[in-house]
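Input: a single structure, listed below in structure tokens.
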Amino acid sequence: MSTPSSLYDEAVKTYESGDVEQAVEKLKEVLAQDENYVLAHSASAVYYQKLGKFDEAIEHAKKVTELEPEDNFSYLQLSVICQRCGRIAEAEDALAKAHSMAQKK
Numbered sequence: 001m002s003t004p005s006s007l008y009d010e011a012v013k014t015y016e017s018g019d020v021e022q023a024v025e026k027l028k029e030v031l032a033q034d035e036n037y038v039l040a041h042s043a044s045a046v047y048y049q050k051l052g053k054f055d056e057a058i059e060h061a062k063k064v065t066e067l068e069p070e071d072n073f074s075y076l077q078l079s080v081i082c083q084r085c086g087r088i089a090e091a092e093d094a095l096a097k098a099h100s101m102a103q104k105k
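Just so we're aligned, residue 1 is where the sequence shown starts under full-length UniProt numbering, counting upward by one.
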């Protein structure tokens, strides 16, 4: 049985080869084994956004902020995903949170 890490690596390679849908399927396998695998949620956010599946993209980006609440980059990613999905108010909120966290460091 493949580990979450090796499945994640396969997903990234699959994405890089241009098969975004298959990469998402690999990430689903990762998350079936470890529902808190942050990198898989982060990649899922990007890949779903590329596929035009905006609700799924934002769901995964939000999960990253839940799993890494002290990482301002997670809020930056959420902001970018929301912006690309046309959810500007949510993007601005996430960006403000990232900026606020960066000032505290």
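Ideal placement from N, C-alpha and C gives every residue a C-beta, glycine not left out.
Would residue i pass as a contact of residue j if the rule is Cβ separation under 8 Å?
i, j, result
"Y8", "A40", "yes"
"residue 111", "V80", "Summary: the structure shown does not reach residue 111, with the chain confined to residues 1 through 105, and so no result is reported for it."
"Y48", "E35", "no"
"V46", "Y37", "no"
For the alpha helix (DSSP H) that residue i lies in, which residues bound it at each end?
i, result
"M101", "I88 to K104"
"L78", "N72 to R84"
From the DSSP output, in three-state form, read off residue i for me.
i, result
"D19", "coil"
"residue 115", "Beyond the ends of the chain as shown, which are 1 and 105, falls residue 115; an answer cannot be given."
"K63", "helix"
"S2", "coil"
"L7", "helix"
"D55", "helix"
"E25", "helix"
Roughly how many whole angstroms lie between the Cα atoms of residue i and residue j?
i, j, result
"K104", "Q83", "24 Å"
"P4", "M101", "30 Å"
"S2", "Q33", "10 Å"
"A43", "E66", "15 Å"
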